[in-house]
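K.L.:
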Amino acid sequence: MLAGNPMDRMLSSKKSRTRKLKETLLVKMKVLVAVIAAMTGSYTLYHQFGDTPADQVGVDSAANAMQQDFSVPSVPSLAGAAGSAAKTSPTSKAPTTDDVEDFVASLENQPTPNYQPQDAQFTPPASGVEPFEGELSSGFGHPFHLKPSGNTAMTASDANMAKQVVLNGGKSRLQIGENDDLELKSSKFDEKGNIYYKFTQEYNGVPVHGRETVVQTDKQDNVNLVTGEFEPGIELNVTPGLTGKVAYTKAIDGMRDTLNGEPTFREEPSLQIYVSENDGPVLTWRSVMEYSTTTDGYRVDEVFVDANSGRVVDKLPRLYTSLSRSVHTIDRQCFDPNWGSNVLPGREISPSTDDHSQAAYENSGYTYWFYDNMFGRDSYDGRGKKMVSTVHALFTTPNGGCSGDNAFFNGNQMVYGDGGSMLQNPAGALDIVAHELTHGVTYSESNLTYRNESGAINEALSDIFGAGAETYVDSGGTANNPPSGGLKPQRSNWTLGEDASVNGGMMRDMTDPVADGQSRDSYDSRYTGSQDNGGVHLNSGIMNLAFYLLSEGGTHPRGKTSNRVTGIGMEEALKIYYHANTNLFTASTNFESARNRLAQSAEALFGQCSQEWTSVHESFDAVKVQGSWTPCDDGGDDGGDDGGDDGGDDGGDDGGDTGGPVSVSSAQASSSYSWRYQPSNLHDGSLSTPWVSSTIYNSYRQEWVMLDLGSSRNISGMTINWDGGNYAGAYDIWVLENGQWVPAEQVRQYRSGAADIPLQETSQYILITMRYGQYGRWYAIDEITVR
């Protein structure tokens, strides 16, 4: 073993995919700002605040902030026992909160135990009839956007069925081979009850980087869309000739001429097939590497190394810079962010002692409010992650000097310079701060590759939601409530960086992108060279202008096209872009695919042929992004929920005892909001006092309610009175038998109001596990009655 081999410092083990749902002590809003004063020393601010009473807000020390151990001991008799027919010995021990949360945590990212996956309901069409119709590109990445042709019945009520629809129905069209497969990456609901299954392509069990497929189904489990990228014709031996450690050692040795010190690794190496534009599919080891070079300074790259030779196949940037069209990175000669002294993020100080730290602190909070109240998102990762910002950073310039004229997101935190010839205090501009945090949102969702067209879309999304956050505050949005009159953008909200500019000018203008002298404003004029990571900043103006026209309406500012776009308002436009980024965009999405997927999001939210759907297409026509569509004549479906029957039980004969309700002795529930944690409201006899869950951060987040009936009872049914629209789209009911949670009923419901569920069980304890919140924020139950 080589002494000091950097691979020995990698993570010794991956974090468990099972997240312990122990967040009772956390407040709703978590903002952690770290501050560095590079000239006088290193400082960090750790702060946590939210919509809690003032006396509950506190500043914790760097050593103790957010470090509570929320792990709980395992409970073998409960975890994973739901699907087993075997019974353990009876026990009189009542289940504790820890027991329940261990069990609920074991359900995450797993099919519900009482639901058995079925084969996809796919009927092969007659010879010569294609099951799908739509667009399929032969270009790099092979993007596709397909819808059922109407010749084939396709439904999928779970991920396995969705996968089979693609593998069977798309076999001919996508040229799927015998060694190709799909691995589920995520599964999400939207507010209309549509489900989005995202898969990663695999070849002989090895993931293919950047090749993802999304299957959209509706409330009735009908397949509406299959979109993504698929690499056909892979023929590789997937047994590596080198171990990951040896391969990276060889790769690093080949970089010694320009390498400053030893790199560090954020992840263990994993096998992936990387598709190179020049070499085609290559078996590689993949990891994320932080390092510094004499030519480029500080870098964070996703590095792919040939698994047989140790050659570096490619490096994809993980530093998302917000302003500069040139390469501006941190370098040891200016500022060392990570080596030796562990400078990032620094040590704790009060934000009020430094204007830059105060600005980062406040603007991070404003951005949190925007995402929380507009989209129900808890921090940039959607899971309440601490928001860390570093200020007073210096960046190397192409001529070897130092400058504070930039900011970036490095995958873990935001870093801001002090400004220089162009900027003053970038952390003081809300749109810049929101821009950086939105890179974190994109990184956590679509993870758009930061190169070429997907990188330009990544940058545009940060500009767009930076403008949205600034408009949110300027329109009167607060920590608890969005603007009462909606988002009302002013002219200044459509420019980026004007609040931090030395001369009062802007860095980018979404209304007229070429006004900055560098950005492009139509697809035919896009930059196609290798600089700027393939034009990630230069070409972001194309989508920026499309979004502006979608929001405000109008025509191309330079007359490059003549069609007029009907504006739908910034708020509706943001909903469409957020929906696409979180549900439909893949890592390799290009401009044409983005157009198609944004139109699909508009259709999912507002209906096909709605004005929103039409305007999305009009906006991309205006900037010359290709895409075929047929304008509608009659206005079409409005996409709204008519509140009709969803096929659920409507309170008819439940086949059980119809006597009076069974008294509930006590109730417990999951929650991270201490001032809302009122499970007693679940059985207090009042419909006006709800229990409210914690914020939901993704489709697999399980909230729960447990009822204690006081003694073992015969249970014939129960009624759940949901509070308004804050209902679960899917939930499971369990009863405790001999120390095991046994599935009693699975419910899929897409409406508010009362839900009557027939049961035939005998137990003292009832557990309800919930997921898929209708609005993606929380659940609320007014009352539960057990019969």
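For reference, each letter of the sequence shown is one residue, going 1153 to 1939 in the working numbering. All C-beta atoms in this analysis are idealised placements derived from N, C-alpha and C, irrespective of residue type, glycine included.
#1: Glutamine 1642: buried (16+ other C-beta within 10 angstroms of its C-beta) or exposed?
#2: Report the partner residues of tryptophan 1886 according to the DSSP bridge assignment.
#3: Nearest CA to the CA of phenylalanine 1292: which residue from Asn1356, Val1440 and Ser1740?
#4: With asparagine 1866 as the anchor, note down where its beta strand (DSSP E) starts and where it stops.
#5: Please classify histidine 1587: does DSSP put it in a helix, a strand, or coil?
#6: Less than 8 Å between the beta carbons of tyrosine 1700 and tryptophan 1646, yes or no?
#7: Which term fits glutamine 1353, buried or exposed, when burial requires 16 or more other beta carbons within 10 angstroms of its beta carbon?
#8: Whose C-alpha, out of Ser1301, Asp1409 and Arg1939, is nearest the C-alpha of glutamate 1285?
#9: Output needed for valine 1390: all residues of its chain with C-beta closer than 8 Å, excluding positions within five of it in sequence on either side, in chain order.
#10: Output the distance between the C-alpha atoms of threonine 1304 and valine 1318, rounded to the nearest integer angstrom.
#11: Report, in whole angstroms, the separation of the C-beta atoms of serine 1596 and glycine 1534, which I expect to be a contact under 8 Å.
#12: For glycine 1571, does the three-state DSSP call read helix, strand or coil?
#13: Using three-state DSSP, classify histidine 1361 as helix, strand or coil.
#14: Using C-beta distances below 6 Å, list every residue in its chain close to aspartate 1664, excluding the 5 sequence neighbours before and after it, in chain order.
#15: Do asparagine 1691 and arginine 1672 count as a contact pair if the criterion is CB distance below 8 Å?
#16: Locate the alpha helix (DSSP H) running through glutamate 1148, then write down its first and last residues.
#17: If you follow the beta strand (DSSP E) that phenylalanine 1522 is part of, which residue opens it and which one closes it?
#18: Under 8 Å, do isoleucine 1918 and valine 1899 count as touching if we go by C-beta distance?
#19: Just the Cα atoms here: how many angstroms apart are aspartate 1934 and valine 1252?
#20: Can you give me the start and stop residues for the alpha helix (DSSP H) that isoleucine 1694 sits inside?
#21: Could you pull out every residue in the same chain whose Cβ sits closer than 7 Å to the Cβ of valine 1256, ignoring the five residues on either side in sequence?
#22: Roughly how many whole angstroms lie between the Cα atoms of glycine 1321 and methionine 1313?
#23: For valine 1375 and lysine 1350, which I take to be in contact (beta-carbon distance under 8 Å), what is that distance rounded to the nearest angstrom?
#24: Tell me whether the stretch 1728-1746 and the stretch 1599-1608 touch, counting them as touching only if at least three CB pairs, one residue from each stretch, are closer than 8 Å.
#25: With DSSP as the reference, identify every bridge partner of leucine 1546, one or two as the case may be.
#26: So what does DSSP say about alanine 1754, is it helix, strand or coil?
#27: Are the CB atoms of serine 1817 and aspartate 1860 nearer to each other than 8 Å?
#28: Just mark tyrosine 1931 as buried or exposed, buried being the case when its beta carbon has 16 or more other beta carbons within 10 Å.
#29: Taking buried to mean at least 16 other C-beta atoms within 10 Å of its own C-beta, is asparagine 1633 buried or exposed?
#30: According to DSSP, which residues form a beta bridge with isoleucine 1936?
#31: If you run the structure through DSSP and keep just helix, strand and coil, what is tryptophan 1827?
#32: Just verifying my parser: in three-state terms, what is the DSSP assignment at threonine 1766?
#33: Alpha carbons only, please: which of Asn1878, Gly1862, Leu1697 and Asn1412 is nearest the one belonging to lysine 1940?
#34: From aspartate 1250 to arginine 1438, what distance separates their C-alpha atoms?
#35: Could you check where the alpha helix (DSSP H) with isoleucine 1728 kicks off and where it finishes?
#36: Can you list, in chain order, the residues of its chain with a C-beta nearer than 6 Å to that of proline 1205? Leave out the 5 residues immediately preceding and following it.
P.N.:
In short:
#1: Counting Cβ neighbours within 10 Å, glutamine 1642 comes out exposed, since fewer than 16 surround it.
#2: BP columns for tryptophan 1886 point to Pro1895 and Leu1919.
#3: Ser1740
#4: 1855-1874
#5: helix
#6: yes
#7: Buried: at least 16 other Cβ atoms inside 10 Å.
#8: Ser1301
#9: Tyr1355, Asn1356, Gly1357, Val1358, Leu1423, Ile1425 and Leu1435
#10: 13 Å
#11: 6 Å
#12: strand
#13: strand
#14: Excluding positions up to five away in sequence, the list reads Pro1709.
#15: yes
#16: Shown here, the chain extends from 1153 to 1939; a query on residue 1148 therefore has no answer.
#17: Where phenylalanine 1522 is concerned, there is no enclosing beta strand (DSSP E), although the alpha helix (DSSP H) it sits in stretches over 1507-1527.
#18: no
#19: 22 Å
#20: Start and end: 1692-1704.
#21: Leu1173, Gln1854, Trp1856 and Thr1921
#22: 11 Å
#23: Under the criterion of beta carbons closer than 8 Å, valine 1375 and lysine 1350 do not qualify as touching, at roughly 14 Å.
#24: yes
#25: DSSP, once it has assigned bridges, lists no residue as partnering leucine 1546.
#26: In this structure, DSSP gives alanine 1754 a helical state, which the three-state scheme calls helix.
#27: yes
#28: buried
#29: exposed
#30: Residue pairing by DSSP places isoleucine 1936 opposite Ile1872 in a beta bridge.
#31: Because the pLDDT at tryptophan 1827 is just 42, under 50, the model does not fix this residue reliably, and the value given afterwards should be weighed accordingly. DSSP places tryptophan 1827 in coil when its eight states are reduced to three.
#32: helix
#33: Outside the displayed range of the chain (1153 to 1939) lies residue 1940, so it cannot be described from this structure.
#34: Inter-residue distance for aspartate 1250 and arginine 1438 is about 37 Å (C-alpha atoms, whole angstroms).
#35: 1722-1731
#36: Here proline 1205 scores only 28 on pLDDT, less than 50, and its place in the model should not be relied on; the value that follows carries that caveat. Same-chain partners within the cutoff: there are none.
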